[in-house]
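Peer 1:
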Amino acid sequence: MHLTSRVIVSTLLCATVASAQARGLFLLDRSGSMLGTPCTESANQAKADIAAFFATFPTGFATVRDFNGTTGVQTLGGTTWHNNATDAQNAVDTASACSGSTPLADAICDSTTALLVVGAADDCWMYIYSDGGENTSTMACAGPCAQNWDTGSCDLDLFGGAEDYLPGDASLLGCPSIAGPDPSWQQKCCAAIDSVLLGPCDFVLNVYKFGAFAEVAAPDPGFAFLESASRASGGVVVSVGLGKAPGAALKVSSVGCRNSSGLLPLLIPTGVPKLGTLFNMSLSAGRLDRYIALGVKELSPGVKLDPFGGTGCVLAVQPMLIFPRGLLPLPIPSNPAFIGADLLYQGIAIDPTFRERPPLITSNLLTATIQR
Numbered sequence: 004m005h006l007t008s009r010v011i012v013s014t015l016l017c018a019t020v021a022s023a024q025a026r027g028l029f030l031l032d033r034s035g036s037m038l039g040t041p042c043t044e045s046a047n048q049a050k051a052d053i054a055a056f057f058a059t060f061p062t063g064f065a066t067v068r069d070f071n072g073t074t075g076v077q078t079l080g081g082t083t084w085h086n087n088a089t090d091a092q093n094a095v096d097t098a099s100a101c102s103g104s105t106p107l108a109d110a111i112c113d114s115t116t117a118l119l120v121v122g123a124a125d126d127c128w129m130y131i132y133s134d135g136g137e138n139t140s141t142m143a144c145a146g147p148c149a150q151n152w153d154t155g156s157c158d159l160d161l162f163g164g165a166e167d168y169l170p171g172d173a174s175l176l177g178c179p180s181i182a183g184p185d186p187s188w189q190q191k192c193c194a195a196i197d198s199v200l201l202g203p204c205d206f207v208l209n210v211y212k213f214g215a216f217a218e219v220a221a222p223d224p225g226f227a228f229l230e231s232a233s234r235a236s237g238g239v240v241v242s243v244g245l246g247k248a249p250g251a252a253l254k255v256s257s258v259g260c261r262n263s264s265g266l267l268p269l270l271i272p273t274g275v276p277k278l279g280t281l282f283n284m285s286l287s288a289g290r291l292d293r294y295i296a297l298g299v300k301e302l303s304p305g306v307k308l309d310p311f312g313g314t315g316c317v318l319a320v321q322p323m324l325i326f327p328r329g330l331l332p333l334p335i336p337s338n339p340a341f342i343g344a345d346l347l348y349q350g351i352a353i354d355p356t357f358r359e360r361p362p363l364i365t366s367n368l369l370t371a372t373i374q375r
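Numbering of the sequence shown is given in my numbering, commencing with residue 4 and proceeding in unit increments.
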């Protein structure tokens, strides 16, 4: 993710009223599946988020933790809470090498427990940097995979739409009961997160999913547990595509947004942006009216679309052209001078059933770099 994208995301995540005793918990997955670029980029993103956190909460405190199957869950930097960005960022530099298995449930339980000890007036922000996939927890939140929910996939949406909770619910997340002989780790983690939501501070969970481009450019049911918990708390989920799709430089950045039904618009490239070829882009957005904005400049910061019905949505590209019907076939010139030029795409979807101020939602920003 480019630096400008990091600034956009970090600013969005911290766009709130400052609290005198805000707490930020930054949790890094250092398992073997994060080895390589995800290991490096997740640390860089954490540092950017720490800077944004202290810019928003100058008198706040931050703690940095990591986890894998070798070291377990550990606090970094020699102290639990840091009162400045420099010390917290230095703590990130002491994170473990990425190797071993993924005790994700242990990490969630340990981190929520740390947030429960803060004062009643505090804002609590928790950031998780991971590619998902619990497999070796042994602590209080350990348990079998919830195979029997939804279609049987381990990490499918735990809450079944209950993240749109009603005020006064006993469980803000709508967690399934943990009663029974063998509750799953998802049920236990849901209860742990819920205890913070119902507890001493205003809690927001923000999640970064790191992976190959193909993994984050398409819907990922394997990450739905953390995604659901994040959105239930009012947080943000960011998919960070690393590297290139086969045959072309394609990268996802910025933050998409969902409508009230949970629909997230998805940009789908077909072919590759090569000299002298036709590069096709389409937007998947259900039955909504679809548009694709094309530009060459990323907006930093992005333009908030709340006044136009896009609650929580951001326009991240300065549009040169906007194409209707969610289809954009673009002829790439044969001129070698265009090699390496970036084309920036963002999808916009509008609900046509509303006659006045129809709500709109946006996709992530997709950057396509022209190849030879």
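From the three backbone atoms N, C-alpha and C, an ideal C-beta is built for every residue, glycine too.
For clarity, every value in this text was computed on a predicted model and none was experimentally measured.
Terminal residues of the continuous beta strand (DSSP E) containing residue 287?
Peer 2: 281-287
Peer 1: Which residues mark the beginning and the end of the alpha helix (DSSP H) in which residue 114 is found?
Peer 2: 107-118
Peer 1: Using a Cβ-Cβ cutoff of less than 7 Å, which residues in the same chain neighbour residue 312 once the five nearest sequence positions on both sides are dropped?
Peer 2: 360, 361, 362 and 363
Peer 1: When the Cα atoms are used, what is the spatial distance from residue 222 to residue 353?
Peer 2: Caution is warranted here: a pLDDT of 48 is assigned to residue 222, below 50, making its placement in the model unreliable, and the coordinate value is therefore given only provisionally. Put simply, the backbone Cα of residue 222 is about 20 Å away from that of residue 353.
Peer 1: Compare the C-alpha of residue 383 against each of 41, 61 and 51 and name the closest.
Peer 2: Outside the displayed span of the chain (4 to 375) sits residue 383, for which this structure offers no information.
Peer 1: For residue 130, which of 86, 81, 318 and 53 has the nearest alpha-carbon?
Peer 2: Taking residue 130 as reference, the option from 86, 81, 318 and 53 with the minimal CA-CA separation is 53.
Peer 1: Helix, strand or coil for residue 367, going by three-state DSSP, please let me know.
Peer 2: strand
Peer 1: Would you call residue 115 buried or exposed, if buried means 16 or more other Cβ atoms sit within 10 Å of its Cβ?
Peer 2: Buried.
Peer 1: For the putative contact between residue 232 and residue 193, defined by C-beta atoms under 8 Å, what is the C-beta separation to the nearest angstrom?
Peer 2: 7 Å
Peer 1: Using CA atoms only, rank isn't needed, just tell me which of 306, 284, 75 and 339 is closest to residue 105.
Peer 2: 75
Peer 1: For residue 64, list the residues DSSP reports as bridge partners.
Peer 2: 26
Peer 1: Just the C-alpha distance for residue 372 and residue 365, rounded to the nearest angstrom, thanks.
Peer 2: 21 Å
Peer 1: Which residue wins for smallest C-alpha separation from residue 286, given the options 318, 314 and 350?
Peer 2: 350
Peer 1: Tell me the DSSP bridge mates of residue 129?
Peer 2: 28 and 208
Peer 1: Just reading off the beta strand (DSSP E) that residue 302 is part of, what are its end residues?
Peer 2: 300-307
Peer 1: Determine the direct distance from the alpha carbon of residue 187 to that of residue 275, and round the result to whole angstroms.
Peer 2: Going by the C-alpha atoms only, they are around 43 Å apart.
Peer 1: Find the nearest neighbour of residue 84 within the set 32, 101 and 64, judged by alpha-carbon distance.
Peer 2: 64
Peer 1: Between residue 295 and residue 331, is the Cβ-Cβ spacing less than 7 Å?
Peer 2: yes
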